[in-house]
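Undergrad:
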DNA sequence: GTTAGCACTCGATAGAGACGAGTGCTAACA
DNA sequence: TGTTAGCACTCGTCTCTATCGAGTGCTAAC
C-alpha cells in the first residue's frame, strides 16, 4: 500500500480530527483546517479513494468519514516511527521510591489513568527465571511448619503446612539439618530443574523426615507456579464512560467485567510480554487485533518494563479506538523508563 | 410509628411489587394481587396515609408509589425479625476447602454476585489481636536480611532490608542469637505492647547489632500496621447495569470507580465490622444511611464472618434500593455460616 | 487536475397528538 | 363510618411527521 503524500496528510487529518471530536469528519472540515489549500470537492475525491482502500469508512451515507482499524494502524505506525526517541516528561509523576513495589505500581496505574483519561492496567513483574534463592523451614507450633521460599528478584512466598500427628517431633537440630540440606541442594535451581531423581535423592538423605521434604518441595513448587498468573492492577475503568462509543450499557458492562475479573487482562499482559520479549517496544492492538473479545471496540497500547534481575512486567492503556496515540505512547514510554531507572540496581 | 395491620400489608405489597418490577406500583395492582379484597379506591386512601407518613412516595403526580428509604427500612426490619433463624441453603456453593484463603474468598465473592445478581464484596479477615507469633531473621545475601513476621491467625508478612555496608558481617552464631532474642522477648505481644522501654532494653541486649534490632522492630511494626487496611475482593460490579436506576452514566461511573478504588469499600467493611462487633448480625444500609457518598442510591447489606483465632471479616452485597432483601440476607447468612464452619478449628 | 454547483441522502431534533396508567375527589351505598 | 364506583384530571411515554442541515457523489466548467 503506497499512499501519496497528500493522501497521507488527509488521512492523518481525519484521524486527528476524529480523535478530538469523536464525530465523523467531513470534507469541508479537512479543507478548512489543514494547510493543503484544497477545496472540499477535491478532498472528497481523495476521501473516496481512501475509502476504497479500506482506510476510512462512512457510518452512513450522508455522514463524514471515520478511520477504519486499518486506517488507525497506518496512522499509528507512522506516529511510532516519528516518536521513536522522544520521551515526554510525565512531569508530576512523583516517583519517590516507595518501599513496596505493589504500592508503587498501583500508584503508577492510577497516575497513568489520570494523565490520559483512559483506563490503565499494570502487571506485577513476573520472575522469568524462577530460580530458587532461599528456602527456610521454621516451626510455628508443635504441629505447624512455616515454609518461606524466596525466588530470584526477592519475590517471597510463604506457606504453612500441618504436620501429621504421626510425625515425630522435630528438634532444633533436625530443623537445622533440613534447612541446610534444602538450601544446599535446591538453591539456584528453577522448578524445571528439580527432577524426580533429585527429589528421591533428597528424600533418602532426609531419612525419617522424607515426608516433610516431599511436602516442602511440593509447597515450594506450587509457590513458584502460583506466580504464573500475573497480578494485575487497574485504574480509571470508569473513564470508558467518557467515550460514547464505549459507554452504552452492553459494552460498558462487558468491559467493566473484564476489568473486574482480570483474567482477560492477565492474558493480555502475558501476550504483550511475549510480543515484546526482545525489544521493549510499544505494542498497539487496534479493535479486532486485540486478543480480548470484549475489547473489539477499544484500542490497547502496552509497554514492557524491566526491573532487572529477571523481573519484567506490562503496563497498558485501554481506551476507545480514537485514542490520543501520541500522548499514550509518550506516557507509557516515560513510565517504563522511570520504572526501569528506579529499580535497576547500579 | 404504629401501622395498622392493613397498612403494613399494603406497604409490604408495594415494596415487594416494586422489588420485582422496578416500576412504581398503583392502587389497582395492589387491590388485584393481594388477599385483602379491597377496591383500588380504598387502597388509594391508605396509600395517601402511607405517603403522609413518609413511607412511600410518588415520582410524579400521575404515577404509582415507590417505597421511600424509610419505607424500605420498615420492611427490612420486619423481614429481619422473621428471618432470624432461617438459613437458606446456598446449594451449589461448592466450598471444597481451598488451600488458599484468598482464593476461597474471591470465589465466595463471585458466587455471591452470581447467585444474587448484585455486586458483592468480601474483605480478607483482619487479625483483631495483632499479636506477634513468630519472627525470623534470615540472610538472603551478604548485605540483605529477610524478616518474616507471623501474626496471630497465621498471617505472614515478609520484608527485605538492606544492610549498611558499615555493618559488620553477621555470622551464623549472631543470627541465631538475634532470632532467639527477638522471639523470646516479642512473641505474644501486640504492637501496642511494644513500648519504647522494651525496645531500648532489646537494643542494649543486642549490643553492636542494635541498629538491626531497630530496623527489625520497625519492619515488624509496619508489617502489622500495613494490615490495617482491609484487603477487599469484589465481584459482579457490572450487575449494576441490570438496574436502570443505577445504570445511568453519572451514577454508574461513580459506582464503578468506588469498586475499583476500593478505599470506600474498605471503610464500609471497617464500619460494618465495628457495628457487628458483638452479635454477628446482618447490617443493612439503605440509601443515605450508607457511609459511602456514591452509594446514596443503593442499598448495602453486610455480614461478618469469624474464622476463629481472632480473624474476622466482612461480606457484603451492593445493589439497588429495591433489592431482594430476603434472598440477600439468606445468601449472606449461609455464606458466613459456611465460612465459619470451614475454618473454625475443632 | 481542480473546483463550483446542485440534487440527494439520512440522522438528529422538535413538536403534536394519542394513549394510558394512575391519581384525588365526590357522592352513594351498606 | 368505612367502602366503593365513577369521573375529571395529570403527566410521562410513545409514535408520527416535518424540518433542518451536514455531508455526499456527480457533472460541468475552468
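Protein chains in written order, with the working numbering: chain A, 99 to 444; chain B, 99 to 444.
Heads up, the beta-carbon is just placed ideally off N, CA and C, and yes, glycines get one too.
Please list the partners that residue 332 of chain A has in chain B, where partner means a Cβ-to-Cβ separation under 9 Å.
TA: Reading the first chain from its first residue, position 234 is the one you call residue 332 of chain A. The answer, in chain order, is 358.
Undergrad: Buried or exposed: which applies to residue 278 of chain B, given that a residue is buried once 16 or more other Cβ atoms fall within 10 Å of its Cβ?
TA: The sequence position of residue 278 of chain B within the second chain is 180, counting from 1. By the neighbour-count rule (16 or more Cβ atoms within 10 Å), residue 278 of chain B is not buried but exposed.
Undergrad: When you compare only the Cα positions, how much space is there between residue 141 of chain A and residue 108 of chain A?
TA: Taking the first chain and counting its residues from 1, one reaches residue 141 of chain A at position 43. Taking the first chain and counting its residues from 1, one reaches residue 108 of chain A at position 10. If you take the alpha carbons of residue 141 of chain A and residue 108 of chain A, they lie about 8 Å apart.
Undergrad: Between B/406, B/425 and B/394, which lies nearest to residue 440 of chain B when the distance is taken from Cα to Cα?
TA: Taking the first residue of the second chain as position 1, residue 440 of chain B is located at position 342. Considering only alpha carbons, the answer is B/406.
Undergrad: Among the candidates A/162, A/333 and A/171, whose CA atom is the shortest distance from the CA of residue 125 of chain A?
TA: Your numbering for residue 125 of chain A matches position 27 in the first chain. Considering only alpha carbons, the answer is A/162.
Undergrad: Name the chain A residues whose beta carbon is nearer than 7 Å to that of residue 229 of chain B?
TA: For this step, residue 229 of chain B is matched to residue 131 along the second chain. Here the premise fails: no neighbours, minimum Cβ distance about 13 Å.
Undergrad: By the three-class DSSP mapping on this structure, what secondary structure does residue 401 of chain A have?
TA: For the purposes of this step, residue 401 of chain A is taken as residue 303 along the first chain, with counting starting at 1. Residue 401 of chain A falls in the strand class under three-state DSSP.
Undergrad: Could you check where the alpha helix (DSSP H) with residue 284 of chain A kicks off and where it finishes?
TA: Residue mapping note: residue 284 of chain A aligns to position 186 of the first chain, counting from 1. Unbroken alpha helix (DSSP H) run through residue 284 of chain A: 270–284.
Undergrad: Just to confirm, is the Cβ distance from residue 248 of chain A to residue 317 of chain A under 9 Å?
TA: The residue labelled residue 248 of chain A in the question sits at position 150 within the first chain. The residue labelled residue 317 of chain A in the question sits at position 219 within the first chain. The answer is no: Cβ separation not under 9 Å.
Undergrad: Do you know how far the Cα of residue 174 of chain A is from the Cα of residue 117 of chain A?
TA: On the first chain, position 19 is the one that residue 117 of chain A refers to. On the first chain, position 76 is the one that residue 174 of chain A refers to. Computed Cα separation, rounded: 12 Å.
Undergrad: Within a Cβ cutoff of 6 Å, which residues of the same chain sit near residue 132 of chain A, ignoring the five residues on either side of it in sequence?
TA: Residue mapping note: residue 132 of chain A aligns to position 34 of the first chain, counting from 1. Closer than 6 Å at the Cβ level, and outside the excluded window around residue 132 of chain A, lie 111.
Undergrad: What are the start and end residues of the alpha helix (DSSP H) that includes residue 287 of chain A?
TA: As a first step, residue 287 of chain A must be located in the first chain, where it is residue number 189. That residue, residue 287 of chain A, is in no alpha helix (DSSP H); it is neither H nor E in DSSP.
Undergrad: Can you tell me the Cβ-Cβ gap for residue 315 of chain A and residue 360 of chain A, rounded? I've got them flagged as a contact below 8 Å.
TA: Taking the first chain and counting its residues from 1, the one referred to as residue 315 of chain A is at position 217. Taking the first chain and counting its residues from 1, the one referred to as residue 360 of chain A is at position 262. That belief does not hold up - the Cβ atoms of residue 315 of chain A and residue 360 of chain A are roughly 30 Å apart, past 8 Å.
Undergrad: Among B/303, B/390, B/344 and B/332, which residue has its Cα nearest to the Cα of residue 203 of chain B?
TA: The residue you call residue 203 of chain B lines up with position 105 of the second chain. With distances taken between Cα atoms, residue 203 of chain B lies closest to B/332.
Undergrad: Residue 130 of chain B by DSSP, collapsed to three states: which one?
TA: Here residue 130 of chain B refers to the residue found at position 32 when the second chain is read from its first residue. Of the three classes helix, strand and coil, the one that applies to residue 130 of chain B here is helix, per DSSP.
Undergrad: Using a Cβ-Cβ cut-off of 6 Å (strictly less than) and excluding sequence neighbours within five positions of residue 418 of chain A, which residues of its own chain qualify?
TA: Translated into positions along the first chain, residue 418 of chain A becomes position 320. Counting only Cβ-Cβ distances below 6 Å, and skipping sequence neighbours, we find 341, 343 and 344.
Undergrad: So, with DSSP's three-state summary, where would you put residue 113 of chain A?
TA: As a working note, residue 113 of chain A is residue 15 in the first chain. Looking at residue 113 of chain A - three-state DSSP - the assignment turns out to be helix.
Undergrad: With distances taken Cα to Cα, identify the nearest neighbour of residue 397 of chain A among A/235, A/166, A/121 and A/157.
TA: Here residue 397 of chain A corresponds to residue number 299 of the first chain, with the count starting at 1. Closest by alpha carbon: A/166.
Undergrad: Against chain A, with Cβ distances strictly below 9 Å, would residue 352 of chain B count as a contact?
TA: Counting from one through the second chain, the residue named residue 352 of chain B turns up at place 254. Chain A contact via Cβ: present.
Undergrad: Let me check one thing: in DSSP terms, what residues is residue 406 of chain B bridge-paired to?
TA: What you label residue 406 of chain B is simply residue 308 of the second chain in a count that begins at 1. DSSP, once it has assigned bridges, lists B/409 as partnering residue 406 of chain B.
Undergrad: With H, G and I counted as helix, E and B as strand and the rest as coil, what does DSSP make of residue 160 of chain B?
TA: For the purposes of this step, residue 160 of chain B is taken as the residue at position 62 of the second chain. Residue 160 of chain B falls in the coil class under three-state DSSP.
Undergrad: Bridge partners for residue 219 of chain A per DSSP, in chain order?
TA: Reading the first chain from its first residue, position 121 is the one you call residue 219 of chain A. DSSP output for residue 219 of chain A lists A/332 and A/414 as bridge partner(s).
Undergrad: If the cut is a Cβ gap below 9 Å, which residues of chain B does residue 315 of chain A touch?
TA: Taking the first chain and counting its residues from 1, the one referred to as residue 315 of chain A is at position 217. Per Cβ cutoff of 9 Å: no residues; residue 315 of chain A is ~16 Å from chain B at best.
Undergrad: Is the number of C-beta pairs between the segment 228–237 of chain B and the segment 233–248 of chain A that are closer than 8 Å three or more?
TA: Taking 8 Å as the limit for Cβ pairs, the verdict is that the segment 233–248 of chain A does touch the segment 228–237 of chain B.
Undergrad: Go to residue 374 of chain A, then tell me how far its beta strand (DSSP E) extends in each direction, as first and last residue.
TA: As a working mapping, residue 374 of chain A is identified with position 276 in the first chain. From DSSP, residue 374 of chain A is part of no beta strand (DSSP E); its letter is neither H nor E.
Undergrad: Identify every residue that forms a DSSP beta bridge with residue 246 of chain A.
TA: Here residue 246 of chain A corresponds to residue number 148 of the first chain, with the count starting at 1. Residue 246 of chain A is bridged to A/234 and A/256.
Undergrad: Identify which residue in B/354, B/365, B/164 and B/178 has its Cα closest to the Cα of residue 327 of chain B.
TA: Numbered from its first residue, the second chain carries residue 327 of chain B at position 229. Closest option to residue 327 of chain B, Cα to Cα, is B/365.
Undergrad: Report yes or no: is there a C-beta of chain A within less than 9 Å of the C-beta of residue 236 of chain B?
TA: Walking along the second chain from the start, residue 236 of chain B turns up at place 138. Output row for residue 236 of chain B: interface = yes.
Undergrad: Quick check on residue 297 of chain B: does DSSP put it in helix, strand or coil?
TA: As a working note, residue 297 of chain B is residue 199 in the second chain. Helix.
Undergrad: Would you verify that the beta carbon of residue 195 of chain B is, or is not, closer than 9 Å to some beta carbon of chain A?
TA: What you label residue 195 of chain B is simply residue 97 of the second chain in a count that begins at 1. In this predicted model, residue 195 of chain B has a pLDDT of only 45, less than 50, meaning its place in the structure is not dependable enough to derive any value.
Undergrad: For a contact meaning CB atoms closer than 7 Å, what does residue 345 of chain A contact in chain B?
TA: Residue numbering aside, residue 345 of chain A sits at position 247 when the first chain is read from its first letter. Simply 347.
Undergrad: I want to see whether chain A comes within less than 9 Å of residue 440 of chain B, judged by CB atoms only; does it?
TA: Residue 440 of chain B sits at position 342 when you count from the first residue of the second chain. So, not an interface residue.
Undergrad: Counting only beta-carbon atoms, is residue 256 of chain B nearer than 9 Å to chain A?
TA: Residue 256 of chain B sits at position 158 when you count from the first residue of the second chain. Closer than 9 Å: yes.
Undergrad: Just grab the DSSP bridge partners of residue 383 of chain B for me.
TA: Position 285 of the second chain, counting from 1, holds the residue named residue 383 of chain B. B/398, per the DSSP bridge assignment.
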